[in-house]
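Working notes, beginning with the structure itself.
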Ligand SMILES: Cc1ncc(COP(=O)(O)O)c(C=O)c1O
Ligand SMILES: Cc1ncc(COP(=O)(O)O)c(C=O)c1O
Ligand SMILES: [Mg+2]
Ligand SMILES: [Mg+2]
Ligand SMILES: [Mg+2]
Ligand SMILES: [Mg+2]
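Chains as they are written, first to last, in UniProt numbering: chain G, 1 to 354; chain W, 1 to 354.
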C-alpha cells in the first residue's frame, strides 16, 4: 500500500517524479544508459543541470543576470560554513530561531563576530522573535525562513542595507513571497526540491569577492559559479530528480499555485488541532509554519492509541523531531490534500474513541 | 540497445544494481515508500548505511576496530581539503602524478608546508616517479593510487613512519593489495563504488586529533565518526546504491576475484594496443593502469573512421579526458570481458580498413 508520507525530510515527492526517476535509472533519455552511469560532462547531463539551474530561478521569479543558481554538495549544513567563509569579514548578524539557526551561528563564529539579534530559546523556539534591530556595519544578516523542528515560520523578513542570507531548506518553492529581497538563499534539496544529496544555492553575484581571507576552492562560491556548478562531479541523480520535481512544480502552475494548496492544507490541519480538545499545537499562532505542523497530545497517555490509529491508516513518520518529541506533520508540496484530510479524520477518530 | 560503457566516471555499474536501484525508487523494501522519501533516521536506512560501512571495510579486509568507514558529501575534491584540514600541522609530503594530485597539493598549501617529493609533470604525467625519498618529520604522505586522466597506476606504495593517505577514487576495490598499509583512503563513489553523490572515506582513527587548529564541524572527521556518518542528511540514494554494488562485489567473490578479471581485461586491451600498429598506448609500460587505459591513434587522421566504428558498435565514452585528448577506455569492475573484446575487435576492424 502506498503510504501517506508526512516525513520531515527526506520526504514525499510527486508519484510521477518517482516513476520518471525510476525509469531513468534503467534508461535515461532512450540513451541505452542509466542516469547513474553517464558522464556529468555528457551533452545530456549538461542540459539537465542547465535546465535545473534556470528553472529554479524562473520559478522564484529571480533575474537570471543578477542571480545564479548552483547545485552543490554537502547539504544545508555545508552552507552554515560556506556562508561566513565567503561573506564574513568582520561581523554578521543572525536571528536564532532554533537548532539549525544555532548551528549556523556556531560555524560563523569561526570567522568573525556574530551578533545574535534575537532568540526564541527562552520558549524552546515555539515563536519567531519580532521587533529586533539589525545593527549597521554588518557583512550580512542571516535567518532561517522555516524552522523544521519547531514548526515556526517567518511571515516577513526584515529590511536592511546588509545582504540578506536565508536558510530556506524547508519552505523554498512553497509560498508566494518576494524572493528578490534575498541575496543568498540556500536549501538542502530533500524537502521541496528533490532527494537528499544536493543543495540548491542561489546567489546575488554582487555580494561576493568582499572578504580578504583565502577561501579553499571547493568552498568558494566563485569557483562554483565559474565552473557552472560543475567544479567537481556533481550529484547527478539527485540533480536530475530535482529537475523532474521542478518541472512538475511548473506544470502545477508554479509556486503561487502550490502556495494556495499549501495554505489550504495547513488551514485544514490547524483548524482540527484548534477544534479537537485532544491536541495542542506547539507553535505560537501567528508564527505557525505552513510546512511543518507540530503538536502534542493534551493527554500523553493516549499516544499508544493515537500511534496505532495513524499507522493503521497508512500514515508514515508523524513523530516529532527526536530533540522535541510530540508530533510533526510535514506537509510539503507533494503531499496531497487527501493525506491531510485523512490525518484530520484519524484525529477525530481518536476523539470519538477517547 | 544497451551500451558498452567505457566512461571514466560516473561509469558503468552492474545491471542488477541498476535494476534493484530502479525498483527501490518506486518501493523500498516493500515499505510502500520510495528510497527517495524515507527519513535517513528511519530504521531501514540506518541498517543500509551500517551495512555499507561494514561491508566496505570487510571487502578491503580492514580491521573494524582500527578503521572506520564514512560516506561523506563533497566528492573526492572535498577530501583534498579535509585531509590537510584534519592532519596538516606543519608539513606534509605529496607525490605529484597528475591533475588530481596537483589539486590536492594546492589545497594542502593553505594549511602548511607541502613538500612535493617527486613529479612526473616533465612527461605530462605518463609515468609514476620512483626512487623518491619521503622526508622525516612530516605529518603525512599523500599519493593518488590511480591517475584516471593519464592511465598510470602505482604498483606499490612507499613505506614511511608517517601516516599514508591515498586518493583511490579510480581503483579502490579493483585490485588485491594490502589496504592496511594506508591510514586514510578516500574515493569519490562514482567509479567502483556507486553513483556520483557520495564519497567513501576510510580512516585509521589513531591519526586524528593531532592538529591544533579549530576545524569547522562539517569538515572534521571526528564529527562524522561520532555521528556514525550521519552528521547531517546523507546522500541516501547514492549510499543505498553503493551498498547494492558492494553486495554484488561480495557475491562475485570479493576484491581478489574482481582483481583477476580486471587484470585479464587490461591484458587483453594492452596486448591489442601493443600489437596493432595503428594505436600507441600513452602510459609508460610498467606504470600502466588496469582501470583507465589511455592511447592515441598513430595517425590522427583515422579518428573519424575509428570514432564511427566504435560508436556503431555501441561503445560509449571512449574519448580521452578533455585536458589530454586521445582515447581512454575505462574498464571498471562492472565492465565485462565481452565489452573489452568488442573494443579490441573494433581496433582490428580499423586495421583491416586502413
Ligand atoms: C531549516 C534547516 N536547515 C538546515 C538543515 C540541515 O540540512 P542538511 O541535513 O542538508 O545539512 C535542515 C535539515 O532538516 C533544516 O530543516
Ligand atoms: C583520482 C581522482 N581523484 C579525484 C577526483 C575528483 O573527484 P570528485 O569529482 O568526486 O571531486 C577524480 C575524478 O575523476 C579522480 O579520478
Ligand atoms: Mg529548526
Ligand atoms: Mg486542540
Ligand atoms: Mg589524474
Ligand atoms: Mg600499437
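Yeah, the Cβ is synthetic: ideal placement off N, Cα and C, and Gly gets one too.
All values derive from a computational prediction rather than experimental measurement.
Of the residues G:1, G:186, G:113, G:237, the one whose Cα lies closest to the Cα of residue 79 of chain G is G:186. Residue 143 of chain W does not reach chain G, its nearest Cβ partner there being about 19 Å away, counting only Cβ pairs nearer than 8 Å. Taking C-beta separations shorter than 7 Å and ignoring five residues to either side along the sequence, the partners of residue 191 of chain W in its chain run 9, 11, 169, 170, 332, following chain order. Pairing residue 128 of chain G with residue 97 of chain G gives a Cβ-Cβ distance under 8 Å. For residue 238 of chain G, the chain W residues whose Cβ falls inside 8 Å of its Cβ are 197, 235, 237, 238, in order along the chain. Per DSSP, the continuous beta strand (DSSP E) segment holding residue 188 of chain G begins and ends at 184-188. Among the bridge pairs identified by DSSP, residue 91 of chain W is matched with W:113. In this structure, the beta-carbon distance from residue 271 of chain G to residue 290 of chain G does not fall below 8 Å. According to the DSSP assignment, residue 48 of chain G belongs to the alpha helix (DSSP H) that extends over 43-59. Note that the C-beta distance between residue 354 of chain G and residue 273 of chain G is not below 8 Å.
Rounded to the nearest whole angstrom, the CA to CA distance from residue 197 of chain W to residue 1 of chain W is 27 Å. Chain W has no Cβ within less than 8 Å of the Cβ of residue 292 of chain G. Around ligand 2, the residues whose beta-carbon falls short of 6 Å from at least one of its heavy atoms are G:232, G:233, W:9, W:75, W:76, W:77, W:100, W:144, W:148, W:167, W:169, W:170, W:188, given in chain order. In the displayed model, residue 288 of chain W falls within a strand according to three-state DSSP. Residue range 254-275 is occupied by the alpha helix (DSSP H) that includes residue 264 of chain W, with no beta strand (DSSP E) assigned at that position. Collapsing the DSSP output to three states places residue 321 of chain W in coil.
Taking a cut-off of 8 Å on C-beta distances, the stretch 198-214 of chain G touches the stretch 76-96 of chain G, as three or more cross pairs fall below it. Residue 308 of chain G is outside the set of residues whose beta carbon lies under 8 Å from a beta carbon in chain W. In this chain, residue 193 of chain G is not harboured by any alpha helix (DSSP H), its DSSP state being neither H nor E. By alpha-carbon distance to residue 212 of chain G, the top candidate from G:85, G:17, G:309 is G:85. When C-alpha distances from residue 61 of chain G are compared across G:220, G:182, G:338, G:336, the shortest belongs to G:182. For residue 13 of chain W, at least one C-beta of chain G is nearer than 8 Å to its own C-beta. Between the stretch 94-108 of chain G and the stretch 142-153 of chain G, the count of C-beta pairs closer than 8 Å reaches three or more; the two stretches touch. Counting along the chain, the unbroken alpha helix (DSSP H) around residue 240 of chain W starts and ends at 236-251.
The stretch 306-323 of chain W makes contact with the stretch 342-351 of chain W, as at least three CB pairs between them are under 8 Å. Looking at the backbone, the Cα of residue 280 of chain W and that of residue 295 of chain W are separated by about 5 Å. Between residue 29 of chain G and chain W, the shortest Cβ-Cβ separation is not below 8 Å.
For residue 344 of chain G, the enclosing alpha helix (DSSP H) has its first and last residue at 337-353.
Take residue 314 of chain W, set aside five residues on each side of it, and the residues of its chain with a beta-carbon closer than 7 Å to its own are 1, 3, 4, in chain order. Only residues of its own chain outside the window of five on either side were considered, and among them 255, 256, 259 have a CB closer than 7 Å to the CB of residue 176 of chain G, listed in chain order. Nearest to residue 136 of chain G by alpha-carbon distance, out of G:172, G:242, G:93, G:48, is G:93. For residue 69 of chain W, the enclosing beta strand (DSSP E) starts and ends at 67-72.
When Cβ-Cβ separations below 8 Å define contact, residue 148 of chain G makes no contact with chain W. Interface with chain W (8 Å Cβ-Cβ cutoff): residue 262 of chain G is excluded. What residue 18 of chain W touches in chain G, judged by beta-carbon distance under 7 Å, is 25, 26, 34, 36, going in chain order. At a cut-off of 7 Å, the beta-carbon of residue 192 of chain G does not count as near ligand 1: no heavy atom of the ligand is closer than that.
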